[in-house]
Amino acid sequence: MRIVLLGAPGSGKGTQAKLLVAKYNIPHVSTGDILRSSVTAGTDLGKKAKAVMDAGQLVSDDIVLGLIQERFARTDAKNGFILDGFPRNIPQAQALDAMLARLGRPLQLSLLVDVPNDVLMKRITGRRSCPSCGSVFNIYFSQPKTSNKCDKCGTALQHRSDDNEATVRSRLQVYEQQTAPLVAYYKAQGKLRTVRGTGSINEIFKSISDIVEAQIRPLADVMHKIEEEEAAKAAKVAAEKLAVKEAAKAAAKAAAAAAKAAKKPAVLPKAGKKVAPPAKPSKKDITAKKAPPPKAKPAKKPAPAKAKPKAKAKPKPPKKPK
Ligand SMILES: [Zn+2]
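Residues in the sequence shown are numbered from 874 upward in steps of one, following the numbering used here.
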């Protein structure tokens, strides 16, 4: 599953990304993280990025794309990825598409976690965190039991200075300006899916999972169809083999029957004799009787005639049980 995650600051997309990672076993590729780790690791691209950042400049799209491509080449990304923080504009989105096309691994889904601005505002400006243990509270949604004190350790909670309304408002504006074109871009590609980012974390994740499953399912359906067709082919071949076997059996039986039939003429008379012991004398008489029957008993003629068909009919029934 190859996903680009879109969402405003405070949308909770990071939390959802973690759940996606756990469920689908694909890495969460955040451009911030891979920049930091490549600089730390001192890779060629990491050195380049560090030089640019040390000069107080923005890391170019080429470098970021290179880092992303390196990240995608790692084995844990063989089944896909959740890309977060990139692209932020149309040229980046186009460059990403071009890179993924070269890799033969086009993007499958652009997932937008959509949260109304007033909710985002409360989520960010209401955030209070414990400097001691890292617990996070929100004065609107998850208040600490004691005002401004950590539930776990009792430390006084902190409010980040840049979590004020004016700063958040401008951050949301920047986000909207960046994201609106991307939303249109992925919508035009038919890859955009929007999930409402309000409600419980589990409810939101259920919606996201449904969307991901729906995106994966068509692929699974294609695989299933191929499997079914192959199974049908195999069944047909097996049926043909069986038919050949049956035909061979039938031919063998027929041959055996023919052989029996060839012997039977010798056997049949015996049966005939058994059935019609009285016929014995009659046989002798037949020539004599043949002439006389028309005169006296025409009924006797049918009798020997009947006995013969019976004998012939007997070998036939055994053929049926085949
Ligand atoms: Zn605490």
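Heads up, the beta-carbon is just placed ideally off N, CA and C, and yes, glycines get one too. Model, not experiment: these values are computed from the prediction.
On the DSSP letters alone, give me the boundaries of the beta strand (DSSP E) that residue i sits inside.
i, result
"residue 1011", "1009 to 1011"
"residue 955", "954 to 957"
"residue 903", "901 to 903"
"residue 1043", "Premise fails: residue 1043 lies in the alpha helix (DSSP H), 1038 to 1061, not in any beta strand (DSSP E)."
"residue 880", "875 to 880"
"residue 931", "Segment: none, residue 931 is in no beta strand (DSSP E) and carries neither H nor E."
"residue 1067", "1065 to 1069"
Could you tell me whether any non-hydrogen atom of ligand 1 is closer than 7 Å to the CB of residue i?
i, result
"residue 1005", "yes"
"residue 1008", "yes"
"residue 948", "no"
"residue 1025", "yes"
"residue 1019", "no"
"residue 1028", "yes"
According to the Cβ coordinates, are residue i and residue j closer than 8 Å?
i, j, result
"residue 1111", "residue 1055", "no"
"residue 876", "residue 941", "no"
"residue 1051", "residue 986", "no"
"residue 881", "residue 988", "yes"
"residue 907", "residue 1058", "no"
"residue 922", "residue 912", "yes"
"residue 1004", "residue 1019", "no"
"residue 945", "residue 976", "yes"
"residue 897", "residue 926", "no"
"residue 1084", "residue 1068", "yes"
"residue 1070", "residue 884", "yes"
"residue 1025", "residue 1002", "no"
"residue 841", "residue 886", "The first residue shown for the chain is 874 and the last is 1195, placing residue 841 beyond what the model contains."
Can you give me the start and stop residues for the alpha helix (DSSP H) that residue i sits inside?
i, result
"residue 986", "Premise fails: residue 986 lies in the beta strand (DSSP E), 982 to 987, not in any alpha helix (DSSP H)."
"residue 1001", "Element bounds for residue 1001: not the alpha helix (DSSP H) but the beta strand (DSSP E), 1000 to 1002."
"residue 964", "963 to 976"
"residue 1031", "Where residue 1031 is concerned, there is no enclosing alpha helix (DSSP H), given that its DSSP letter is neither H nor E."
"residue 950", "Premise fails: residue 950 is in no alpha helix (DSSP H) and is neither H nor E."
"residue 888", "886 to 897"
Less than 7 Å separating the Cβ of residue i from some heavy atom of ligand 2?
i, result
"residue 1040", "Ligands displayed in this structure: ligand 1; ligand 2 is not among them."
Touching by the beta-carbon criterion (3+ pairs, under 8 Å), the region 895 to 903 and the region 971 to 986: no
Does the region 1065 to 1081 come within contact of the region 1025 to 1041, defined as at least 3 CB pairs closer than 8 Å? no
Counting pairs of beta carbons, one from the region 1008 to 1022 and one from the region 986 to 998, are three or more of them closer than 8 Å? yes
Can at least three beta-carbon pairs, one atom from the region 932 to 952 and one from the region 911 to 921, be found at a separation below 8 Å? yes
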